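Undergrad: Residues in the sequence shown are numbered consecutively from 21, following our numbering. Beta carbons are placed, not taken as given, at the ideal position from N, Cα and C, and that holds for glycine. All values reported here derive from a predicted model rather than from experimental measurement.
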Amino acid sequence: MVRRVRSAERTDRSAAAVSMLDVTRRFGATLALDGVHFETTGGEVHGLLGAPGAGKTTLMRILAGADRPDRGVVTVGGAVVTGADVRLMRAAGVALVQRHHTLVPTLTAGENLILARPTGRLRGGTRAARQRVERLADRYALAVRSDVPTGELSDDERWRLELLRALDADARLLLLDEPADDLVGAFRRIVDEGRSVVVATGRPEIVLAGCDRVTVLRAGRVALSGAPVDGLAATTLNGLLTGPALPPAPIAVPGPPRRIRLTVTGATLDRLREAELSVSGGEILGVVGLDGNGQHELEQLLAGLRAPEGGRVEVDGVPVPVGDAKARIAAGVAYLPGDGARPARWRPALRQRLRAGPDADARRLLVARELSGRPKVVVAAYPTRGLDPATTRAIVQRVIAAAARGAAVVWFGADLDELFTVADRVMVLAAGEALGFFHPPWDRGAIARAMTGWPS
């Protein structure tokens with residue numbers, strides 16, 4: 021008889037083994053996972069390879085207890101898991117480390133470490149916590165500054181700190197979503213302690229450099245299941261990742277010229293390198309890339325959150341104001357963030373309503389307010405992420421309507437199907453550079469290969 025995990029019991033944490041059998045998960049009309057089989061055992065690094073939209077994040081969230089399948093069985097340490105319960109899965113030794121950080125930016129690394137500990141306490145207080153961070157950083161070769169607020173850390177440092185917090189909490193199975201290149205060396209140190217690591221990535225080179233086995237997802241289905249990495253060629257993985265290439269698309273006949281409203285000339289910021297693009301009024305440019313390839317920096321530049329280290333960002337020939345939300349809005353730039361951020365111009369009472377209300381309602385209100393002034397440029401950064409189908413449709417319609425009124429729209433997305441629906445063109449970012457502009461009819465394989473930095 022199969023026992024079920026209950027909140028009062030803990031699985032055998034030394035096993036660090038999970039499995040999925042015939043797992044299916046649907047979000048409205050989107051089939052994120054379709055009959056997926058997946059398993060990993062203790063003491064191994066298992067690569068989960070797939071392009072954006074392949075189902076990697078959904079699979080990881082189910083394993084972490086943040087979501088539940090519509091069908092199928094999930095087991096941890098041999099025990100069947102029912103429902104979705106993050107705390108229960110953490111108690112079972114499973115930790116999900118994503119690029120969406122959970123750190124408190126005003127606290128130091130040590131203070132954030134205390135918050136993540138199972139007891140919430142560490143004898144010796146913040147000084148001991150700082151020393152604990154430094155010891156863990158040395159042990160796993162994951163450099164993190166321990167004496168500054170985490171808001172001042174780089175993105176990579178914050179990601180390493182999230183991983184160190186999971187290790188400090190004695191996680192036995194670590195689910196790493198799009199880890200940076202410099203974490204490959206830490207994988208072996210972690211599994212040498214009997215832990216397991218699942219690495220979700222869209223980059224074959226990460227799998228070949230640091231994984232023992234690999235499972236490839238494509239469009240929600242398993243294209244390769246748990247194969248040993250030894251003997252696999254990069255070309256083989258790339259072919260499984262993208263699927264067969266489509267015939268070359270016919271050369272598009274350009275339409276009548278439209279007024280260019282947004283121009284980015286030689287813009288450089290952190291990972292972003294000398295970006296060049298222009299978007300006309302009435303046009304929607306989709307931007308896609310694997311996490312950490314410059315999308316975040318480009319979003320910050322277009323929204324006036326940061327100034328470029330070099331180059332220019334202009335709307336109708338005028339530089340986008342930096343660090344002043346009111347000036348940004350006056351310049352005609354609307355910003356639709358998908359992470360719950362709220363424009364600073366809103367009255368305190370309105371911001372309070374947004375915090376108190378359901379996320380879908382808050383996001384609708386955000387879009388309505390930002391698009392109410394007939395903007396010249398719309399920066400839509402994953403505006404439908406995590407929303408129900410009805411809210412997604414409403415937001416898509418509002419943004420398309422803004423474009424129809426003459427706005428130049430830049431839509432950052434991770435779902436290729438969504439981008440293909442809304443965009444006139446798609447730009448791929450890889451290693452901080454634009455590796456191509458694509459037009460319909462869309463060549464999914466060519467776009468996926470560009471995202472991984474592979475030639476078409």
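(1) Would Arg332 and Pro341 qualify as a contact pair, given that the criterion is a beta-carbon distance under 8 Å?
(2) Within 8 Å, do at least three Cβ pairs link the segment 74 to 90 to the segment 40 to 56?
(3) Would Asp463 be called buried (16 or more neighbouring beta carbons within 10 Å of its own) or exposed?
(4) Sort Arg110, Ala136, Gly130, Arg159 by Cα distance to Thr122 and report the nearest one.
(5) Quick one, which of Glu334, Val249, Asp250, Leu310 has its alpha-carbon nearest Thr284's?
(6) What are the boundary residues of the beta strand (DSSP E) that includes Arg185?
(7) Enumerated in chain order, which unbroken segments of the beta strand (DSSP E) with a length of 3 residues or greater are wholly contained in the segment 375 to 458?
(8) So, helix, strand or coil for Glu172, using DSSP?
(9) Rounded to a whole number of angstroms, what is the C-alpha to C-alpha distance between Ile280 and Leu156?
(10) Ala351 to Asp158, Cα distance in whole Å?
(11) Taking the alpha-carbon of Arg147 as reference, which of Tyr160, Asn132, Ala161 has the nearest alpha-carbon?
(12) Can you tell me whether Leu108 is helix, strand or coil according to DSSP?
(13) Between the Cα of Thr50 and the Cα atoms of Ala149, Gly205, Thr78, which residue gives the shortest distance?
(14) Rounded to whole angstroms, how far is the Cβ of Leu237 from the Cβ of Ala243, which I believe are closer than 8 Å?
(15) According to DSSP, simplified to helix, strand and coil, what is Val153?
(16) Leaving aside the five residues before and after Arg418 along the sequence, list all residues of the same chain whose C-beta is less than 8 Å from its C-beta, in chain order.
(17) In angstroms with no decimal places, state the Cα-to-Cα distance between Val223 and Gly343.
(18) Classify Arg209 as helix, strand or coil using the three-state DSSP reduction.
(19) Smallest Cα separation from Arg413: which of Val442, Val211, Val204, Arg215?
(20) Using the Cα positions of Ala468 and Ala254, report the straight-line distance between them to the nearest angstrom.
(21) Can you list, in chain order, the residues of its chain whose CB lies under 6 Å from that of Ala470, leaving out five sequence neighbours each side?
(22) Does DSSP put Thr470 in a helix, a strand or coil?
(23) Which residues bound the alpha helix (DSSP H) around Leu162?
(24) What span of residues does the beta strand (DSSP E) with Ala295 cover, start to end?
(25) Please determine, among Thr221, Glu64, Asp54, Pro72, the residue with the shortest C-alpha to C-alpha distance to Arg405.
(26) Quick check: what's the CA-CA separation for Val488 versus Ile420?
(27) Mapping DSSP to helix, strand and coil, what is Leu266?
(28) Please report the residue range of the alpha helix (DSSP H) in which Pro224 lies.
(29) Would you give the residue range spanned by the alpha helix (DSSP H) that Gly130 belongs to?
(30) Give me the Cβ distance between Ala111 and Leu194, rounded to the nearest whole Å; I'm assuming they're in contact under 8 Å.
(31) Measure the alpha-carbon distance for Thr262 versus Val308 and round it to whole angstroms.
(32) I want to know whether the segment 171 to 184 touches the segment 92 to 106 - three or more CB-CB distances under 8 Å.
(33) Leaving out five residues before and five after Leu196 in sequence, what residues of the same chain have Cβ atoms less than 6 Å from its Cβ?
TA: Straight from the coordinates:
(1) Translated into the one-based positions of the sequence shown, residue 332 becomes position 312. Translated into the one-based positions of the sequence shown, residue 341 becomes position 321. The criterion of a C-beta distance shorter than 8 Å is not satisfied by Arg332 and Pro341.
(2) The segment 40 to 56 is in contact with the segment 74 to 90.
(3) By one-based count along the sequence shown, residue 463 stands at place 443. The residue in question, Asp463, is buried, as its Cβ has 16 or more Cβ neighbours within 10 Å.
(4) Taking the first residue of the sequence shown as position 1, residue 122 is located at position 102. Minimum Cα distance to Thr122 is reached at Ala136.
(5) Mapped onto the sequence shown, residue 284 falls at position 264. It should be noted that the sequence gives Val, not Thr, for residue 284. Of the candidates Glu334, Val249, Asp250, Leu310, the one whose C-alpha sits nearest the C-alpha of Val284 is Glu334.
(6) By 1-based counting over the sequence shown, the position of residue 185 is 165. Per DSSP, Arg185 lies in no beta strand (DSSP E); the unbroken alpha helix (DSSP H) holding it starts and ends at 175 to 188.
(7) 397 to 401, 428 to 432, 445 to 450, 453 to 458
(8) If you number the sequence shown from 1, residue 172 lands on position 152. DSSP places Glu172 in helix when its eight states are reduced to three.
(9) In the sequence shown, residue 280 corresponds to position 260, counting from 1. In the sequence shown, residue 156 corresponds to position 136, counting from 1. Going by the C-alpha atoms only, they are around 51 Å apart.
(10) As a working note, residue 351 is residue 331 in the sequence shown. As a working note, residue 158 is residue 138 in the sequence shown. Distance between the alpha carbons of Ala351 and Asp158: 48 Å.
(11) Within the sequence shown, the letter at position 127 stands for residue 147. Closest option to Arg147, Cα to Cα, is Asn132.
(12) Here the question's residue 108 lines up with position 88 in the sequence shown. Helix.
(13) What you label residue 50 is simply residue 30 of the sequence shown in a count that begins at 1. Of the listed residues, the one whose Cα sits closest to Thr50 is Thr78.
(14) One-based indexing of the sequence shown puts residue 237 at position 217. One-based indexing of the sequence shown puts residue 243 at position 223. Their Cβ separation, rounded to whole angstroms, is 7 Å, which keeps Leu237 and Ala243 in contact under 8 Å.
(15) Here the question's residue 153 lines up with position 133 in the sequence shown. It is helical.
(16) For the purposes of this step, residue 418 is identified with residue 398 of the sequence shown, where counting begins at 1. Excluding positions up to five away in sequence, the list reads Val387, Ala388, Leu391.
(17) Taking the sequence shown and counting its residues from 1, the one referred to as residue 223 is at position 203. Taking the sequence shown and counting its residues from 1, the one referred to as residue 343 is at position 323. The identity of residue 223 in the sequence shown is Arg, whereas the question assumes Val. Straight-line Cα distance between these residues: approximately 34 Å.
(18) The residue you call residue 209 lines up with position 189 of the sequence shown. Helix.
(19) Reading the sequence shown from its first residue, position 393 is the one you call residue 413. For the options Val442, Val211, Val204, Arg215, the alpha carbon positioned closest to that of Arg413 is the one of Val442.
(20) The residue you call residue 468 lines up with position 448 of the sequence shown. The residue you call residue 254 lines up with position 234 of the sequence shown. Distance between the alpha carbons of Ala468 and Ala254: 14 Å.
(21) On the sequence shown, position 450 is the one that residue 470 refers to. So the list reads Val448, Leu455, Gly456, once near-sequence residues are dropped.
(22) Taking the first residue of the sequence shown as position 1, residue 470 is located at position 450. Reading the sequence as shown, one finds Ala at residue 470 and not Thr. The answer is helix: DSSP assigns Ala470 an H, G or I state.
(23) Locating residue 162 in the sequence shown gives position 142, counting from the first residue. Leu162 -> no alpha helix (DSSP H), and no H or E assigned at all.
(24) Within the sequence shown, residue 295 is the residue found at index 275, counting from 1. 292 to 300 is the span of the beta strand (DSSP E), which, as asked, contains Ala295.
(25) Here the question's residue 405 lines up with position 385 in the sequence shown. Answer by Cα proximity: Pro72.
(26) Missing from the structure shown is residue 488; the chain here goes from 21 to 476 and no further.
(27) Within the sequence shown, numbered from 1, the residue matching residue 266 stands at position 246. Caution is warranted here: a pLDDT of 48 is assigned to Leu266, below 50, making its placement in the model unreliable, and no coordinate value can be reported.
(28) Translated into the one-based positions of the sequence shown, residue 224 becomes position 204. Note, Pro224: alpha helix (DSSP H), 224 to 230.
(29) As a working note, residue 130 is residue 110 in the sequence shown. Taken as a continuous stretch (DSSP letters only), the alpha helix (DSSP H) holding Gly130 covers 129 to 136.
(30) Here residue 111 is taken as the residue at index 91 of the sequence shown, counted from 1. Here residue 194 is taken as the residue at index 174 of the sequence shown, counted from 1. With 8 Å as the limit, Ala111 and Leu194 do not qualify as a contact, their Cβ atoms being about 15 Å apart.
(31) Numbered from its first residue, the sequence shown carries residue 262 at position 242. Numbered from its first residue, the sequence shown carries residue 308 at position 288. The straight-line gap from Cα to Cα measures roughly 15 Å.
(32) no
(33) For this step, residue 196 is matched to residue 176 along the sequence shown. Same-chain partners within the cutoff: Val117, Val219.
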